[in-house]
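Structure record follows, encoded as structure tokens.
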Amino acid sequence: MSRILIIDDEQALVQLLSEELTANGHEVLAAYDGNEGVLLAAAEPELVILDIMMPGLNGFEVCRTIRDWVSCPIIFLSARQSEADKIRGLTLGGDDYVLKPFGLRELMARIEANLRREARTRQASREGNSSKLHYGRLSLSLQERLVRINGEPLALTRREYDIVELLALHGGQVFSREHMYEKIWGYDAEGDASTVVEHIKKIRAKLAAADPAGEYISTVWGIGYKWTEQ
1 MSRILIIDDE QALVQLLSEE LTANGHEVLA AYDGNEGVLL AAAEPELVIL DIMMPGLNGF
61 EVCRTIRDWV SCPIIFLSAR QSEADKIRGL TLGGDDYVLK PFGLRELMAR IEANLRREAR
121 TRQASREGNS SKLHYGRLSL SLQERLVRIN GEPLALTRRE YDIVELLALH GGQVFSREHM
181 YEKIWGYDAE GDASTVVEHI KKIRAKLAAA DPAGEYISTV WGIGYKWTEQ
């Protein structure tokens with residue numbers, strides 16, 4: 001069972017989602033405006049479903065506010081279909097963006113997929129450095145800081161490994177180039193996000209040479225990169 005926080009001012013929609021999620025064994029918390037949503041986020045949900053247009057704080061502001069302490073997946077629900085809105089939601093820390101109106105079965109599938117990714121990340125964190133993760137023919141050893149393809153070590157530099165680990169541990173989450181640069185190189189590093197692009201090119205070349213059929217890192221155009229589940 002997972003604790004899921006719904007933040008949306010459409011009461012009928014919140015009730016529908018609450019009933020469906022409860023029937024699937026989840027605990028549901030509901031907030032009908034952004035301010036209440038920020039308060040309920042302190043209850044440490046495993047996933048947040050977040051509307052954009054709401055009274056008080058809008059969804060973008062809520063995401064920006066809670067992202068500093070809430071690490072769980074955030075799924076935006078919105079009738080706003082512009083590419084700029086999608087990019088903004090994902091770069092603020094959202095993990096998925098679902099347009100209204102949506103199919104209930106599709107939304108439930110997306111929720112479960114995000115929960116599985118989160119569970120895998122938490123399991124890796126609990127197991128610490130002894131953990132090994134597997135993605136198709138690729139395996140990632142956190143203790144050894146080593147990537148293998150079909151059991152054979154992949155020759156990665158320290159920065160290249162750091163990028164692979166960051167993306168793999170947050171499978172499906174989109175990282176902007178700027179966010180990745182800050183995470184890997186640090187806020188005070190000399191350089192810019194174009195460095196990330198060059199490192200991604202080298203990583204992809206090495207992965208393709210070892211596993212021509214695999215596609216592990218996807219480009220999300222206009223935003224950045226994400227790890228592709230195998």
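Numbering (the UniProt record's numbering), first residue to last: 1 to 230. All residues carry an ideal CB built from backbone N, CA and C; glycine is no exception.
Query	Result
N-terminal and C-terminal residue of the beta strand (DSSP E) that Glu27 is part of	27 to 31
Residues near Asn35 by beta carbon distance below 7 Å, same chain, minus five either side	Gly56, Leu57
Pair within 8 Å by beta-carbon distance, Gly172 and Asp95	yes
Backbone CA spacing between Leu50 and Asn24 [nearest angstrom]	19 Å
N-terminal and C-terminal residue of the alpha helix (DSSP H) that Gly89 is part of	83 to 91
Burial state of Val14 (16 or more Cβ within 10 Å)	buried
Proximal residues to Leu17 (C-beta, below 6 Å), its chain only, five neighbours per side dropped	Ile6
Terminal residues of the alpha helix (DSSP H) in which Val164 lies	158 to 169
Classification of His134 by the beta-carbon crowding that lies within 10 angstroms, buried from 16 upward	exposed
Pair within 8 Å by beta-carbon distance, Ala31 and Val70	no
Pairwise C-alpha distance: Pro212 and Trp227	16 Å
Counted within 10 angstroms of its Cβ, other Cβ atoms place Ala168 as buried (16 or more) or exposed	buried
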